[in-house]
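Visitor:
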Amino acid sequence: MALISNAGPSCKLGNEIMRSRSGYDLVFGPINNVETARTKMMCLNFPSSSRCSSKIAHALRIDDVSRGCKRRRQVIVAASPPTEDVAVATEPLTKEDLIAYLASGCKPKEKWRIGTEHEKFGFEIQTLRPMKYEQISELLYGISERFDWEKIMEGDYIIGLKQGKQSISLEPGGQFELSGAPLETLHQTCAEVNSHLYQVKAVAEEMGIGFLGIGFQPKWGLKDIPVMPKGRYEIMRNYMPKVGSLGLDMMFRTCTVQVNLDFSSEADMIRKFRVGLALQPIATALFANSPFTEGKPNGFLSMRSQIWTDTDNNRAGMLPFVFDDSFGFEQYVDYALDVPMYFVYRKKKYIDCTGMSFRDFLAGKLPCIPGELPTLNDWENHLTTIFPEVRLKRYLEMRGADGGPWRRLCALPAFWVGLLYDEVSLQNVLDMVADWTPEERQMLRNKVPKTGLKTPFRDGYLRHIAEYVVQLAKDGLERRGFKESGFLNEVKEVVRTGVTPAEKLLEMYNGKWGQSVDPVFEELLY
């Protein structure tokens, strides 16, 4: 549990005090920290004003107003899940509240966890066509009944499952996503992935359904992809063509694997955020796995990554301001406040607020629900509609990798844990990227989807930097002491040969596959 106050500009971890730019004091005591990202308990000590307790009571569900919080006006609260209705706020949240929400993610190192998410394409084994919603519904009900998952409904439609801190959800085109629990080691993470795939296959195979681990739908066009019955996606589908040419492809035809990682303080968040952004193109190259579109090579190694360059540049990209000296939680809040909204969730309905301003919402002037004020739940929802290469919530999300087969699902978190959870490796990367210019970082972002590890950089190629970085990740994992470095074998082979997964697929396409993409459904079958 984090105790957040305006008492002074420091971030206190055990006996160690770290300077915090936002002026919050984060104290970690013997109370257990709740690890799940969406239901972490926070003890928020807002500036002492008569509004405090009523504001938070309306903004979030109150669990206990006395236990663990003794001084000034303090209240223990738990953030509601993003799709849960909350009471209407009667007094405005302040910008300081929004900053405090992000700062509440700070954890001491012993509480750091690994949260892995991956998406995959379901398809009919006989026809290779995408799963229809009716089949997805049958699959979700089957997994729920056989393996004791709780059903998540939107109206009469099943749209996901939950079991403990794991959840299964549907992306807009029926991509099947596992959001894993926050776990301590990569062994646990890989075991979770294996358990999930076993359960899904046990039900899906009886239905004649298979799952494909790839970054972009290799065979079917947008017109062939089913639309999931989720209100949020209907709003996005209508809005996307107004802000970019590839947004619908992003929604319906891409799959990714990502890892969510913790930070101990604002200063630690900044260092990890910068390393994550600088090295994200390397992750994109190492995991590039989407070279086909509608049955033919598309000219890219990571079409999924390329699609993000013209989806909605108001909410995607490399965030150069993260490298400014002034960057901290407050600056990310300023950025997020200016990202146009998608929706507000009220009375189990999504209200279209596309293009509107969360700043106006803070002032009670949101045109789609005039006079209504946001809750922290609304803020949490809004943060999920921002899609940069690294995303800050109460943890950091590494978002640059294509979906792939199961071994690479374990390699992606291994890569980032080795770099970000080891102080020596983290500092070595910071030293390496310190003189990279914004133009160089953006150049890598622009070119890597097409040229991968063969992208020229300074006096060499990206492959040479990737070799060094993978070695740093391996060293970092070995220093953790959990015997996790074996999970990097997949990417070690990529940097050793210089051949990305996408290039291997293209070689097979032009060779033994006889220029047909159909065999990829067997090659990358889970």
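1862 is the number that my numbering gives the last residue of the sequence shown; the numbers go up by one with no jumps. Beta carbons: idealized from backbone N, C-alpha and C, even for Gly. The structure displayed is predicted, hence computed values, not measured ones.
Given that a residue counts as buried once 16 or more other Cβ atoms are within 10 Å of its Cβ, and exposed if not, what is Thr1525?
Guide: Buried, since its Cβ has 16 or more Cβ neighbours within 10 Å.
Visitor: Reducing DSSP to helix, strand and coil, say where Asp1648 ends up.
Guide: Coil, per DSSP.
Visitor: Which stretch, first to last residue, makes up the beta strand (DSSP E) that contains Tyr1686?
Guide: Run containing Tyr1686: Lys1685 to Asp1688, per the beta strand (DSSP E) assignment.
Visitor: With DSSP as the reference, identify every bridge partner of Gln1594, one or two as the case may be.
Guide: Looking at the DSSP assignment, Gln1594 forms a beta bridge with Glu1453.
Visitor: According to the Cβ coordinates, are Met1564 and Thr1647 closer than 8 Å?
Guide: No.
Visitor: Exposed or buried, what is Asn1713 when buried is set at 16 or more other beta-carbons lying within 10 Å of its beta-carbon?
Guide: Asn1713 comes out buried.
Visitor: Taking the alpha-carbon positions, what's the Arg1568 to Glu1520 distance?
Guide: The alpha-carbon atoms of Arg1568 and Glu1520 are separated by roughly 32 Å.
Visitor: How big is the Cα-Cα spacing for Leu1287 and Met1639?
Guide: The requested residue 1287 is not part of the displayed model; the chain covers only 1337 to 1862.
Visitor: Is it right to say Asp1598 is buried, meaning 16 or more other beta carbons lie within 10 angstroms of its own, or is it exposed?
Guide: Asp1598 comes out buried.
Visitor: List the endpoints of the continuous beta strand (DSSP E) containing Glu1490.
Guide: Taken as a continuous stretch (DSSP letters only), the beta strand (DSSP E) holding Glu1490 covers Glu1486 to Glu1490.
Visitor: Decide yes or no for the touch test of the region 1737-1753 against the region 1815-1828: beta carbon pairs closer than 8 Å, at least 3 of them.
Guide: Result yes; three or more Cβ-Cβ pairs closer than 8 Å.
Visitor: Within the same chain, show all residues whose beta-carbon is closer than 8 Å to that of Leu1429, passing over the 5 residues directly before and after it, in chain order.
Guide: Around Leu1429: Lys1391, Ala1395, Leu1698, Leu1709, Pro1710, Thr1711, Leu1712 and Trp1715.
Visitor: Quick one: what does DSSP say Arg1815 is sitting in, helix, strand or coil?
Guide: Helix.
Visitor: What does DSSP give as the partner residue(s) for Phe1694 in the beta ladder?
Guide: DSSP, once it has assigned bridges, lists no residue as partnering Phe1694.
Visitor: So for Tyr1477, helix, strand or coil by DSSP?
Guide: It is helical.
Visitor: Please return the same chain residues whose Cβ sits closer than 6 Å to the Cβ of Ser1641, not counting the five positions on each side in sequence.
Guide: Closer than 6 Å at the Cβ level, and outside the excluded window around Ser1641, lie Thr1620 and Pro1785.
Visitor: In the DSSP assignment, what are the bridge partners of Ser1626?
Guide: Answer by DSSP bridge pairing, in chain order: Ser1638.
Visitor: Consult DSSP for Ser1505 and reduce its assignment to one of helix, strand or coil.
Guide: Reduced to three states, the DSSP call for Ser1505 is strand.
Visitor: Curious, which full-length beta strand (DSSP E) runs of at least 3 residues does the region 1537-1602 contain?
Guide: Counting whole runs of 3 or more residues, the region 1537-1602 contains the beta strand (DSSP E) stretches 1545-1548 and 1592-1597.
Visitor: Assess, as a yes-or-no matter, whether the region 1461-1477 is touched by the region 1544-1560 under the definition of 3 or more beta carbon pairs within less than 8 Å.
Guide: Enough Cβ pairs lie closer than 8 Å, so yes.
Visitor: Output the distance between the C-alpha atoms of Glu1803 and Lys1828, rounded to the nearest integer angstrom.
Guide: Whole-angstrom Cα-Cα distance: 8 Å.
Visitor: Under 8 Å, do Val1595 and Met1734 count as touching if we go by C-beta distance?
Guide: Yes, the pair counts as a contact, with Cβ atoms nearer than the cut-off.
Visitor: Any contact between the region 1437-1455 and the region 1722-1736? By contact I mean 3 or more CB pairs, one from each, below 8 Å.
Guide: Cβ pair count under 8 Å is three or more, so yes.
Visitor: Strictly by DSSP, which residues pair up with Phe1723?
Guide: Note: Phe1723 sits in a beta bridge opposite Ala1652.
Visitor: One question on the structure: do Gly1740 and Pro1837 come within less than 8 Å of each other, judged by their Cβ atoms?
Guide: Yes, they are a contact pair.
Visitor: Near Tyr1686, which residues of its chain fall below 8 Å by C-beta distance, leaving aside the five closest residues on each side in sequence?
Guide: Excluding positions up to five away in sequence, the list reads Gly1567, Arg1568, Glu1570, Ile1571, Phe1679 and Val1680.
Visitor: Terminal residues of the continuous alpha helix (DSSP H) containing Gln1667?
Guide: Residues Phe1665 to Asp1674.
Visitor: Rank Pro1676, Met1844, Val1593 and Glu1446 by C-alpha distance to the C-alpha of Lys1578 and give the top, closest one.
Guide: Comparing Cα positions, the closest option is Pro1676.
Visitor: At which residues does the alpha helix (DSSP H) containing Asp1433 begin and terminate?
Guide: Run containing Asp1433: Lys1431 to Ala1439, per the alpha helix (DSSP H) assignment.
Visitor: Which first and last residues belong to the beta strand (DSSP E) in which Tyr1493 is found?
Guide: From DSSP, the beta strand (DSSP E) with Tyr1493 extends over Tyr1493 to Gln1499.
Visitor: How long is the line joining the alpha carbons of Lys1406 and Lys1445, rounded to whole angstroms?
Guide: Residue placement at Lys1406 cannot be trusted, given a pLDDT of 31 that sits under 50; what the coordinates show is reported in the next sentence. C-alpha separation (whole angstroms): 26 Å.
Visitor: Nearest CA to the CA of Asp1674: which residue from Lys1632, Ile1722 and Ile1705?
Guide: Per the Cα distances, Ile1722.
Visitor: Using a Cβ distance threshold of 8 Å, determine whether the region 1468-1478 contacts the region 1489-1504, with at least three qualifying pairs required.
Guide: With the cut-off at 8 Å, the region 1468-1478 and the region 1489-1504 touch.
Visitor: Please go through the same chain and pick out, in chain order, the residues whose beta-carbon is closer than 6 Å to the beta-carbon of Val1853, but skip the five residues on each side of it.
Guide: Around Val1853: Pro1554, Lys1555, Phe1628 and Gly1631.
Visitor: With a CB to CB cut of under 6 Å and the five nearest residues on each side skipped, what residues in its chain are close to Asn1649?
Guide: Cβ within range, chain order: n/a, list empty.
Visitor: How is the beta strand (DSSP E) around Glu1513 delimited, first residue to last?
Guide: From DSSP, the beta strand (DSSP E) with Glu1513 extends over Phe1512 to Ser1515.
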